[in-house]
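These notes are about the structure you will find just below.
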Amino acid sequence: MTVPYKYQLEDARAIHRFGGRCLVASEMGVGKSYISLLYAQQHPQARPLIIVCPASLKFQWENECKKHFGWRAEVLEGRTPCQNAFARQHPILILNYDIVDGWLEYLRALQAKLVIIDECGSYLGNPSTQRTKAVRKLCTEVPHVIALSGTPLVNRPAELWPTLNILRPDLFKSFWPFGMRFCGPRRIPWGSGWDFRGASHLDELHASLFAKLAIRRRKVDVLKDLPGKQRHVVPLTLTNPKEYE
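With the numbering used here as the guide, the letters of the sequence shown map in order to residues 1289 to 1533.
Laid out in structure tokens, this is it:
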């Protein structure tokens, strides 16, 4: 088992302090995936564990589980469960965003206790997309949810709201009050709607997030604790095997 650094232990404790519902917004290279798995290791009762990530990272997550904690994780493939899927039980499942909707019935029947959402800033910015709706349904009634992203807010505060709603629906139940406060609302002069593509009260939003549900580390702040540059082989699924051959 990999020995955690001091700051990684502190971050796992911070996730626990937030009740296991946390946005880990640290910069790339700090070890966000390891910190979320460390929290899972410290809370063995939080099973089944479901990890949702981009398709290109599924086998990397599988390797992280095995390398750091000796866990065997099952990687789900295909847009819908196979015939014998409902007969299988596994404590750790990994799947990509694009197939969550097809596997939703199966996953919800497992009554997961922890869901880790990787790269939430890139994949959950639009509340109207099918994958955002599917991830929200997946996390409903799950007691612990950890979202990971080095850039949770890419362009504007409105893109952050779906993740906040999934993590803390008690604090971010409706977009309207969030949009009116933090998204620089502008009345559309030729219609009856509002434009929420702006930003406002960012200092207040920053302070509120880090007081209630978010943690962030910059790589420069923990560089002294990190080892030298390391290279890893990341296995990927070929989409064009014939062309590759």
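For each residue, glycine too, the CB sits at the ideal point set by N, CA and C. On a predicted model such as this, the values are computed, not experimentally measured, just so you know.
Here's the rule: buried if 16 or more other CB atoms are within 10 angstroms of the residue's CB, otherwise exposed. What is residue i?
{"i": "Leu-1526", "result": "exposed"}
{"i": "Ala-1397", "result": "exposed"}
{"i": "Lys-1346", "result": "buried"}
{"i": "Ser-1314", "result": "buried"}
{"i": "Trp-1464", "result": "exposed"}
{"i": "Asn-1414", "result": "exposed"}
{"i": "Gly-1479", "result": "exposed"}
{"i": "Ser-1462", "result": "exposed"}
{"i": "Ser-1321", "result": "buried"}
{"i": "Ile-1476", "result": "exposed"}
Determine the closest residue to residue i out of the options, with distance taken between C-alpha atoms.
{"i": "Phe-1470", "options": "Gly-1479, Leu-1402, Arg-1444", "result": "Arg-1444"}
{"i": "Gly-1509", "options": "Phe-1306, Thr-1290, Lys-1294", "result": "Rather than Gly, the amino acid found at residue 1509 in this sequence is Asp. Minimum Cα distance to Asp-1509 is reached at Lys-1294."}
{"i": "Leu-1412", "options": "Leu-1524, Glu-1447, Lys-1425", "result": "Glu-1447"}
{"i": "Lys-1354", "options": "Pro-1473, Leu-1441, Met-1289", "result": "Met-1289"}
{"i": "Gln-1296", "options": "Arg-1519, Glu-1531, Glu-1492, Ile-1503", "result": "Ile-1503"}
{"i": "Ala-1302", "options": "Ser-1488, Ser-1324, Val-1318", "result": "Ser-1324"}
{"i": "Glu-1524", "options": "Ala-1343, Ala-1328, Arg-1309", "result": "It is Leu, not Glu, that sits at residue 1524 in the sequence shown. When each option's Cα is compared against that of Leu-1524, the closest is Ala-1343."}
{"i": "Phe-1484", "options": "His-1494, Met-1468, Leu-1497", "result": "Met-1468"}
From the DSSP output, read off the bridge partner residues of residue i.
{"i": "Arg-1309", "result": "Val-1433"}
{"i": "Asn-1414", "result": "Looking at the DSSP assignment, Asn-1414 forms no beta bridge with any residue, so it has no partner."}
{"i": "Asn-1384", "result": "Cys-1341"}
{"i": "Val-1403", "result": "Ile-1338, Val-1433"}
{"i": "Ile-1303", "result": "For Ile-1303, which the question treats as bridged, DSSP gives no partner whatsoever."}
> At which residue ranges does the stretch 1330 to 1362 contain complete alpha helix (DSSP H) runs of 4 or more residues, listed in the order of the chain?
Replying inline: Counting only runs of 4+ residues, the alpha helix (DSSP H) found wholly inside the stretch 1330 to 1362 occupies 1346 to 1357, in chain order.
>> In chain order, what are the residue ranges of uninterrupted alpha helix (DSSP H) at least 4 long that sit wholly in the stretch 1421 to 1458?
In response: Counting only runs of 4+ residues, the alpha helix (DSSP H) found wholly inside the stretch 1421 to 1458 occupies 1449 to 1455, in chain order.
>> Does the stretch 1396 to 1411 come into contact with the stretch 1434 to 1454, if we say contact requires no fewer than three beta-carbon pairs (one atom in each stretch) closer than 8 angstroms?
In response: Yes: the two stretches touch, three or more of their Cβ pairs being nearer than 8 angstroms.
> Hey, is the stretch 1378 to 1390 in contact with the stretch 1355 to 1366, meaning 3+ C-beta pairs nearer than 8 angstroms?
Replying inline: Counting Cβ pairs under 8 angstroms, three or more are found: they touch.
>> I'd like the ranges of any beta strand (DSSP E) spanning at least 3 consecutive residues and lying wholly in the stretch 1460 to 1488.
In response: Qualifying beta strand (DSSP E) stretches: none in this window.
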